[in-house]
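>
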Amino acid sequence: MSKKIVVVTGATGKQGGSVVSALLRHGGYTVRGLMRNLHSALSRELTAQGAEMVQASLMEKDSLIHAFKGAYAVFGVTVPAEESDFEQGKNMVDACLANKVDLFVWSSLPSSSELSNGKYPMRFWDDKYAVDKYIKAVGQPSVIFMPGSFTENLISFGQLKPVASDTWEIQYPVATADYVQPFLYVEKDLGEAVTALIDHWDDADWKERLTKDVIQMSSYNITGGEMAGIIARITGRDVSYVLSNNVPDFYKTMWEFCVEYWPTPEAIPSKVLLDLGIKFHTFEDYVREKLVPFMNAA
193 MSKKIVVVTG ATGKQGGSVV SALLRHGGYT VRGLMRNLHS ALSRELTAQG
243 AEMVQASLME KDSLIHAFKG AYAVFGVTVP AEESDFEQGK NMVDACLANK
293 VDLFVWSSLP SSSELSNGKY PMRFWDDKYA VDKYIKAVGQ PSVIFMPGSF
343 TENLISFGQL KPVASDTWEI QYPVATADYV QPFLYVEKDL GEAVTALIDH
393 WDDADWKERL TKDVIQMSSY NITGGEMAGI IARITGRDVS YVLSNNVPDF
443 YKTMWEFCVE YWPTPEAIPS KVLLDLGIKF HTFEDYVREK LVPFMNAA
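Taking my numbering, the leading residue of the sequence shown gets 193, the next gets one more, and so forth.
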């Protein structure tokens, strides 16, 4: 019996890469990864690991209709670009409908314009939420989730910086040291969660639970002060959390919106995800696995 096909958009990005890796470890699905350049080193690496890599653009609906052919499930995430996130998302939904895809797993965000009554309009956020509404309007079977801040941004966005010998700072805009925010350890937790969603989709009871509400996809809640304390304890370095406005205006606006209008969910990880049997990682795990070697190499 042939394996069900799961298509992953953004297969070499943070979110898509986590999903591809988890599905390949699972071994129960044919994994089809989408990307624009099939000749990249990352594409060749995923092919060697067993993924079927297909060239497609999220802005070209016909390429997605072809790429989604025969798929049981599709993981959808937009590619940050000048192009419309709504058009990318709509094209994915339309391609799912054209192929009668059983499940679309959609990585979304709330509408910053609606939540802030127009104070903080951010196209990236508003477009994703517009896709949520489109999904419901056209009736594509879907699970919609909203990820927390990416744990990996401490390194990839340069938020953790050395400022002197054995002295480091976590530099953040707007959010004070006691502000509680949800984080997702994307590499380790997102893919496992998405794989579990797909595994349980054919069960009617689970389908009802997974579609009842938008799922908060986060590994843990933590404050900036707590992050600094944990890093200091594990690494033996002097680590402090400081406010910094040395960031692009977009990120400053985003954090102003989050602090003012997007309340931190209290139940993190979400109960529905814990009930699926997902074992979420902690910030301590990330420090030991990623920050210790990163700081030692600095």
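Ideal Cβ positions, reconstructed from N, Cα and C, are used throughout, including at glycine.
Being a predicted model, the structure only gives us computed values, none of them experimental.
Can you tell me whether residue 349 is helix, strand or coil according to DSSP?
The residue labelled residue 349 in the question sits at position 157 within the sequence shown. In this structure, residue 349 counts as coil in the three-state DSSP scheme.
> State the Cα-Cα distance for the pair residue 422 and residue 476, rounded to the nearest angstrom.
Residue numbering aside, residue 422 sits at position 230 when the sequence shown is read from its first letter. Residue numbering aside, residue 476 sits at position 284 when the sequence shown is read from its first letter. Taking the straight line joining both Cα atoms gives about 7 angstroms.
> Output the distance between the C-alpha atoms of residue 252 and residue 258, rounded to the nearest integer angstrom.
Residue 252 sits at position 60 when you count from the first residue of the sequence shown. Residue 258 sits at position 66 when you count from the first residue of the sequence shown. Cα to Cα, the separation comes out at about 10 angstroms.
> In chain order, what residues of the same chain lie with their CB nearer than 6 angstroms to the CB of residue 366, ignoring the 5 residues before and after it?
The residue labelled residue 366 in the question sits at position 174 within the sequence shown. Correct list, in chain order: 447, 448 and 451.
> Excluding the 5 residues flanking residue 478 on each side, which residues of the same chain have their C-beta closer than 6 angstroms to its C-beta?
Residue 478 sits at position 286 when you count from the first residue of the sequence shown. Cβ within range, chain order: 343 and 377.
> Given a cut-off of 8 angstroms, decide if residue 301 and residue 338 are closer than it, judged by their beta-carbon atoms.
Residue mapping note: residue 338 aligns to position 146 of the sequence shown, counting from 1. Residue mapping note: residue 301 aligns to position 109 of the sequence shown, counting from 1. Taking 8 angstroms as the Cβ cut-off, residue 338 and residue 301 qualify as a contacting pair.
> I'd like to know if the segment 402-422 and the segment 453-473 are in contact, where contact means that at least 3 CB-CB pairs between them fall below 8 angstroms.
With a cut-off of 8 angstroms, the segment 453-473 and the segment 402-422 count as touching, because enough Cβ pairs lie within range.
> Can you give me the C-alpha to C-alpha distance between residue 221 and residue 261, rounded to a whole angstrom?
To locate residue 221, count along the sequence shown from 1; it is residue 29. To locate residue 261, count along the sequence shown from 1; it is residue 69. Answer to the nearest angstrom: the Cα atoms are 15 angstroms apart.
> Does the beta-carbon distance from residue 250 to residue 271 come in below 8 angstroms?
Reading the sequence shown from its first residue, position 58 is the one you call residue 250. Reading the sequence shown from its first residue, position 79 is the one you call residue 271. The answer is yes: Cβ separation under 8 angstroms.
> Of all the options 351, 292 and 432, which has the alpha carbon lying nearest to the alpha carbon of residue 439?
Taking the first residue of the sequence shown as position 1, residue 439 is located at position 247. Among 351, 292 and 432, the Cα nearest to that of residue 439 belongs to 351.
> Whole angstroms is fine: what's the gap from residue 484's alpha carbon to residue 381's?
Mapped onto the sequence shown, residue 484 falls at position 292. Mapped onto the sequence shown, residue 381 falls at position 189. For residue 484 and residue 381, the distance between alpha carbons rounds to 20 angstroms.
> Using only the alpha-carbon positions, how far apart do residue 437 and residue 364 sit?
Position 245 of the sequence shown, counting from 1, holds the residue named residue 437. Position 172 of the sequence shown, counting from 1, holds the residue named residue 364. Those two C-alpha atoms are separated by around 8 angstroms.
> Quick check: residue 430 and residue 358, are their CB atoms within less than 8 angstroms of each other?
Numbered from 1 along the sequence shown, position 238 holds the residue referred to as residue 430. Numbered from 1 along the sequence shown, position 166 holds the residue referred to as residue 358. Contact flag set, yes.
> Got a sec, what are the start and stop residues for the alpha helix (DSSP H) residue 205 sits in?
The count along the sequence shown starts at 1 and reaches residue 205 at position 13. That residue, residue 205, is in no alpha helix (DSSP H); it is neither H nor E in DSSP.
> Start and end of the alpha helix (DSSP H) containing residue 318?
Locating residue 318 in the sequence shown gives position 126, where the first residue counts as 1. Counting along the chain, the alpha helix (DSSP H) containing residue 318 begins and ends at 315-330.
> Output the distance between the C-alpha atoms of residue 242 and residue 228, rounded to the nearest integer angstrom.
Working through the sequence shown from its first residue, we reach residue 242 at position 50. Working through the sequence shown from its first residue, we reach residue 228 at position 36. Straight-line Cα distance between these residues: approximately 18 angstroms.
> Closest to residue 293 by C-alpha separation, out of 341, 239 and 199, would be which residue?
Here residue 293 refers to the residue found at position 101 of the sequence shown. Minimum Cα distance to residue 293 is reached at 199.
> Runs of 3 residues minimum, wholly inside the segment 416-471: which ones carry the beta strand (DSSP E) assignment?
Correct list: 430-435.
> Hey, how far is the Cα of residue 239 from the Cα of residue 441?
Here residue 239 corresponds to residue number 47 of the sequence shown, with the count starting at 1. Here residue 441 corresponds to residue number 249 of the sequence shown, with the count starting at 1. Roughly 38 angstroms separates the two Cα atoms.
> Pick helix, strand or coil for residue 193, following the three-state DSSP scheme.
The residue labelled residue 193 in the question sits at position 1 within the sequence shown. Coil.
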